[in-house]
Amino acid sequence: MEMAPPARRVSPARALGAPDVDPIAAEPATPMKSPNNVERATPVEAADASDSGTRLKSEEGNTKAATITTVSVEALRGTDGLDFECHAAVIRAQQEKSFIVKSMPWLFGGKRPFFAYGECSRYVAVKGCSCFVYIHKEDAEPLYAIFLENVVAEIEDPEHPHPNSVTLSPWTRQMSKEDVVTVLLKRSNGMLLYQVTFDISKENSMAANNFVSTVNGSGTIEKGIEKGVWKGTKSSSSTLVHATTIDK
1 MEMAPPARRV
11 SPARALGAPD
21 VDPIAAEPAT
31 PMKSPNNVER
41 ATPVEAADAS
51 DSGTRLKSEE
61 GNTKAATITT
71 VSVEALRGTD
81 GLDFECHAAV
91 IRAQQEKSFI
101 VKSMPWLFGG
111 KRPFFAYGEC
121 SRYVAVKGCS
131 CFVYIHKEDA
141 EPLYAIFLEN
151 VVAEIEDPEH
161 PHPNSVTLSP
171 WTRQMSKEDV
181 VTVLLKRSNG
191 MLLYQVTFDI
201 SKENSMAANN
211 FVSTVNGSGT
221 IEKGIEKGVW
231 KGTKSSSSTL
241 VHATTIDK
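The sequence shown finishes on residue 248 if you use the UniProt record's numbering, and the numbering steps up by one all the way, no holes.
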C-alpha cells in the first residue's frame with residue numbers, strides 16, 4: 001500500500017512593519033477680513049382671516065372698500081328693517097333673440113326659452129330704491145343690485161307672457177304652474193329689464209303683490225336717502241355703485 005509523501009517544511013510567516021509617515025499639520029482657519037452683516041428680519045403680525053375681505057386688491061391696485069364686503073342682508077336690515085325680502089328666481093331680460101333663433105325659428109317651434117326655477121333661485125332684499133340680489137341669504141355681499149328709480153313692476157299675465165321673458169319650470173313635483181307668479185321689472189318706456197318669479201307655495205302667497213307694491217312705491221331718490229341706503233351725494237355710496245353699474 002503506497003503512502004502519500006510528507007508535506008515540506010515552510011518558513012514561519014513574518015509581518016512587515018507599517019512605513020513611517022509625517023503627521024498632518026492642520027492650519028487654523030483664517031478669519032474673514034469683514035464679518036457678514038445680515039439684517040434681522042422685520043417681525044410681522046399673523047394674518048387674520050376676519051379682515052381678508054378688506055385686504056383684497058382690485059385690478060387697479062386699490063384696496064377694495066370694506067363697506068362693500070359688509071352689505072349683507074343683516075347689515076341692510078339694520079335697526080329699521082327692509083322694505084321687502086324674499087326668495088325668488090331672478091333673470092335679466094334678453095332684449096334680442098339669438099341669431100340661431102332668428103334664422104331658424106322652425107328648429108325651436110316658436111317655443112320660449114326654458115329655465116329651471118332652482119338654477120335661478122336668489123334672495124331678494126329691497127331697501128329704499130335699490131333691490132339687492134344675493135345668491136344665498138347668508139352671503140356677505142350681493143351678487144348685484146338693481147336701481148329702482150323709474151322702474152315699474154307689474155305681474156305678468158301667464159296667458160299672454162312678455163315676448164322677452166322666459167318660462168320657468170317647477171323645481172319640485174309638488175310645485176304646479178299655479179304656484180309660480182312672475183313680476184316684470186320695466187323701464188318707464190316699457191322695456192323689460194328683469195323678471196322676478198316667486199314660488200308662492202313656499203313663500204307668502206302675497207309675496208309677488210307685496211314686491212310690486214314695494215318697487216312701485218320706492219323708486220325715488222328721496223326714499224333711498226330716507227332709508228339710509230344713500231348718504232350724502234349719490235356717488236358717495238357703495239350701495240348706489242352696486243345698483244347703477246349693473247344696469248348700464
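Backbone N, C-alpha and C fix where the C-beta goes; we use that ideal spot for every residue, glycine too.
According to DSSP, is residue 167 helix, strand or coil?
strand
Helix, strand or coil, according to DSSP, for residue 8 in the structure here?
Per DSSP, reduced to three states, the secondary structure at residue 8 is coil, with no helix or strand assignment.
How should residue 165 be labelled, buried or exposed, when 16 other C-beta atoms within 10 angstroms of its C-beta is the threshold for buried?
buried
Look up residue 124 in the DSSP assignment and say whether it is helix, strand or coil.
strand
For the beta strand (DSSP E) that contains residue 143, what are its first and last residues?
Careful: residue 143 lies outside any beta strand (DSSP E) and carries neither H nor E.
Looking at chain B, is there any beta carbon in it that lies within less than 9 Å of the beta carbon of residue 193?
In the structure shown, chain B cannot be found, because there is only a single protein chain.
Using three-state DSSP, classify residue 130 as helix, strand or coil.
In the structure shown, residue 130 sits in a strand (DSSP, three-state: E or B).
Given a cut-off of 9 Å on the beta-carbon distance, is the pair residue 207 and residue 181 in contact?
yes
Would you identify the three-state DSSP class for residue 77, choosing helix, strand or coil?
helix
Is the distance from the Cβ of residue 93 to the Cβ of residue 211 below 9 Å?
no
Excluding the 5 residues flanking residue 122 on each side, which residues of the same chain have their C-beta closer than 8 Å to its C-beta?
87, 88, 89, 90, 133, 134, 135 and 143
Once DSSP output is grouped into helix, strand and coil, what is the label at residue 154?
strand
Tell whether a beta-carbon distance below 9 Å holds between residue 214 and residue 151.
no
Based on Cα-Cα distance, which residue from 163, 169 and 73 lies nearest to residue 116?
169
How many Å lie between residue 174 and residue 196 at the Cα?
Legend: pLDDT at residue 174 = 49, less than 50; position of this residue unreliable, no value from coordinates given.
Out of curiosity, what's the CA-to-CA distance linking residue 73 and residue 178?
29 Å
Figure out for me which residue from 114, 120, 113 and 131 has the closest Cα to the Cα of residue 77.
131
My output table needs one value for residue 83: the three-state DSSP class, helix, strand or coil.
coil
Alpha carbon to alpha carbon, how far is residue 75 from residue 140? Give it in angstroms, no decimals.
If you take the alpha carbons of residue 140 and residue 75, they lie about 9 Å apart.
Which one of 137, 7 and 8 has the shortest CA to CA distance from residue 71?
137
State the DSSP-derived secondary structure class of residue 161, mapped to helix, strand or coil.
coil
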